[in-house]
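So the sequence shown is numbered by our numbering: it starts at 3 and just counts up by one. Below is one structure, written out as structure tokens, with a few remarks after it.
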Amino acid sequence: MISKLTDIRSLRYFVESERYRSFRKAAIALNVQESSVSRRIRDLEDQIGASLFVRHPGGINLTLAGQRFLNRVRHALDQLDEGAREVAAISRSETGYLKVGLFSSIAFGFVSRLFSAYDDEHPNVEVTFHEGSAEHHLLSINKLQMDLAFTIGNRHPHPYDAHELWHERVFVAISDTHPLSAKSELGWSDLPHEVFLVRPGGPGEEVRDYLKLRLNDVGGQPQFLVQNIDRYSLLGLVASRRGIVPVLESETAISIPGVSYRPIAGEVLPFFAITSPRNDNPAARTLLRMAQMMSRSENSSS
Numbered sequence: 003m004i005s006k007l008t009d010i011r012s013l014r015y016f017v018e019s020e021r022y023r024s025f026r027k028a029a030i031a032l033n034v035q036e037s038s039v040s041r042r043i044r045d046l047e048d049q050i051g052a053s054l055f056v057r058h059p060g061g062i063n064l065t066l067a068g069q070r071f072l073n074r075v076r077h078a079l080d081q082l083d084e085g086a087r088e089v090a091a092i093s094r095s096e097t098g099y100l101k102v103g104l105f106s107s108i109a110f111g112f113v114s115r116l117f118s119a120y121d122d123e124h125p126n127v128e129v130t131f132h133e134g135s136a137e138h139h140l141l142s143i144n145k146l147q148m149d150l151a152f153t154i155g156n157r158h159p160h161p162y163d164a165h166e167l168w169h170e171r172v173f174v175a176i177s178d179t180h181p182l183s184a185k186s187e188l189g190w191s192d193l194p195h196e197v198f199l200v201r202p203g204g205p206g207e208e209v210r211d212y213l214k215l216r217l218n219d220v221g222g223q224p225q226f227l228v229q230n231i232d233r234y235s236l237l238g239l240v241a242s243r244r245g246i247v248p249v250l251e252s253e254t255a256i257s258i259p260g261v262s263y264r265p266i267a268g269e270v271l272p273f274f275a276i277t278s279p280r281n282d283n284p285a286a287r288t289l290l291r292m293a294q295m296m297s298r299s300e301n302s303s304s
């Protein structure tokens with residue numbers, strides 16, 4: 003039956019023939035030979051097993067079977083055209099879906115500016131964000147469950163593409179009444195016995211590993227107090243003098259009464275976009291190109 007057709011030209015020839023009530027006029031509109039149209043219609047009728055047109059010297063008219071078939075064909079061609087338009091829009095990144103991994107601390111600064119620009123240019127692309135550790139994001143990228151992840155550093159071994167985009171200084175959020183608030187800049191040697199407030203889960207574990215590494219170098223034994231609250235609330239605990247929190251330079255834009263930010267001398271972290279060469283999502287490629295262009299622009303102006 004119809005599933006044996008090798009292409010959809012026969013269906014389009016059928017629709018055009020009905021529109022002009024003539025194989026000759028349909029052929030002119032389609033810019034093909036009249037014999038091509040009449041032959042394809044005849045083949046179509048043979049495959050269906052019913053006559054679609056009544057032929058007469060003045061032209062052609064649909065049979066009852068042809069009338070019923072026409073409605074189905076028009077609907078099918080409309081669906082195919084709509085599908086082709088959707089696919090073309092996705093390939094141009096006009097529509098589509100993006101799954102992006104974030105480390106909780108980088109939902110500010112570069113990433114915020116990037117997605118503001120991306121949303122302006124591609125408002126019909128649906129973006130979902132997932133917070134987690136770099137290790138978790140790499141597993142998701144491997145399974146093609148995530149299109150792109152922004153990570154701090156690139157220390158986890160992986161076979162994916164890593165694109166360095168920007169750098170940020172590391173600060174410490176401390177209470178205004180903390181003795182260290184009198185200093186304009188801190189060193190790791192100022193922090194060996196402080197209580198650090200961290201969140202549970204992947205990002206919190208990465209923060210703890212990072213602090214242990216840095217403080218062990220100065221003979222410190224940091225204390226960690228895990229709090230199952232969001233990042234903003236964690237800074238609120240700093241104001242109540244329950245501990246201190248490491249933050250990125252972009253996060254110092256968050257104003258919390260009673261909280262001050264002090265930079266750690268010489269501490270700068272690189273940030274990467276991680277993608278898989280197996281990922282063929284056009285929206286992800288467009289986002290990465292925008293990120294690289296923004297990186298070059300901001301680095302050249304700094």
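The C-beta atom is built at its ideal place from N, Cα and C for all residues, glycine as well. Computed from a prediction, not measured in an experiment: that's the story for all the values here.
> With contact counted as at least three CB pairs below 8 Å, one residue from each stretch, are the segment 197 to 204 and the segment 213 to 227 in contact?
Replying inline: yes
> Cα-Cα, which of Ser302, Val249 and Met292 is closest to Asp121?
Replying inline: The count along the sequence shown starts at 1 and reaches residue 121 at position 119. It is Met292 whose Cα lies nearest to the Cα of Asp121.
> Using 8 Å as the threshold, is the segment 179 to 199 in touch with the segment 294 to 302, meaning 3 or more CB pairs across them?
Replying inline: no
> Near Leu290, which residues of its chain fall below 8 Å by C-beta distance, leaving aside the five closest residues on each side in sequence?
Replying inline: As a first step, residue 290 is located in the sequence shown; it is residue number 288 there, counting from the start. Only Leu150, His165, Ala275 and Thr277 meet the Cβ criterion.
>> Taking the alpha-carbon of Val261 as reference, which of Val270, Ala267 and Pro248 has the nearest alpha-carbon?
In response: As a position in the sequence shown, residue 261 is number 259, starting the count at 1. The candidate whose alpha carbon is nearest that of Val261 is Pro248.
> On the three-state DSSP scale, how would you describe Gln229?
Replying inline: Locating residue 229 in the sequence shown gives position 227, counting from the first residue. It is coil, neither helix nor strand.
>> Just to confirm, is the Cβ distance from Ala31 to Val39 under 7 Å?
In response: Locating residue 31 in the sequence shown gives position 29, where the first residue counts as 1. Locating residue 39 in the sequence shown gives position 37, where the first residue counts as 1. No; because the gap between Cβ atoms is not below 7 Å, this pair is not in contact.
> So, using beta-carbon positions, are Met296 and Leu104 closer together than 7 Å?
Replying inline: Residue mapping note: residue 296 aligns to position 294 of the sequence shown, counting from 1. Residue mapping note: residue 104 aligns to position 102 of the sequence shown, counting from 1. In this structure, Leu104 does not lie closer than 7 Å to Met296 by Cβ.
> With a CB to CB cut of under 7 Å and the five nearest residues on each side skipped, what residues in its chain are close to Asn281?
Replying inline: Mapped onto the sequence shown, residue 281 falls at position 279. Only Leu146 and Asp149 meet the Cβ criterion.
>> Please classify Met3 as buried or exposed, where buried requires at least 16 neighbouring CB atoms within 10 angstroms.
In response: Walking along the sequence shown from the start, residue 3 turns up at place 1. Model confidence at Met3 stands at a pLDDT of 48, short of 50, so the residue's coordinates are unreliable; what they give is reported in the following sentence. Classification of Met3: exposed, given that the 10 Å Cβ count is below 16.
>> Which residue wins for smallest C-alpha separation from Phe112, given the options Ile154, Arg76, His195 and Leu100?
In response: For this step, residue 112 is matched to residue 110 along the sequence shown. With distances taken between Cα atoms, Phe112 lies closest to Ile154.
>> Let's see if you can read the secondary structure: which residues bound the alpha helix (DSSP H) around Asn301?
In response: In the sequence shown, counting from the first residue as 1, residue 301 sits at position 299. Unbroken alpha helix (DSSP H) run through Asn301: Pro284 to Ser303.
>> Using 8 Å for Cβ pairs, my map puts Pro194 next to Val220. What's the rounded Cβ distance?
In response: On the sequence shown, residue 194 is found 192 positions in, with the first residue counted as 1. On the sequence shown, residue 220 is found 218 positions in, with the first residue counted as 1. With a Cβ gap of about 6 Å, Pro194 and Val220 count as contacting.
> According to DSSP, is Phe110 helix, strand or coil?
Replying inline: Here residue 110 corresponds to residue number 108 of the sequence shown, with the count starting at 1. Coil, per DSSP.
> Are Ile62 and Arg11 touching if we call contact CB-CB under 7 Å?
Replying inline: Residue mapping note: residue 62 aligns to position 60 of the sequence shown, counting from 1. Residue mapping note: residue 11 aligns to position 9 of the sequence shown, counting from 1. No. Outside cutoff.
>> Considering only their Cβ atoms, is the gap separating Phe110 from Ser252 smaller than 7 Å?
In response: Taking the first residue of the sequence shown as position 1, residue 252 is located at position 250. Taking the first residue of the sequence shown as position 1, residue 110 is located at position 108. In contact: Ser252 and Phe110 (Cβ atoms closer than 7 Å).
>> Pull the bridge partners of Pro272 from the DSSP assignment, please.
In response: Within the sequence shown, numbered from 1, the residue matching residue 272 stands at position 270. According to DSSP, which records beta bridges pairwise, Pro272 is partnered with His169.
> In three-state terms, what does DSSP make of His58?
Replying inline: Within the sequence shown, residue 58 is the residue found at index 56, counting from 1. Residue state, collapsed to three classes: strand.
> In terms of alpha-carbon separation, which member of Thr254, Pro259 and Thr65 lies closest to Val172?
Replying inline: Mapped onto the sequence shown, residue 172 falls at position 170. The shortest C-alpha separation from Val172 is found at Thr254.
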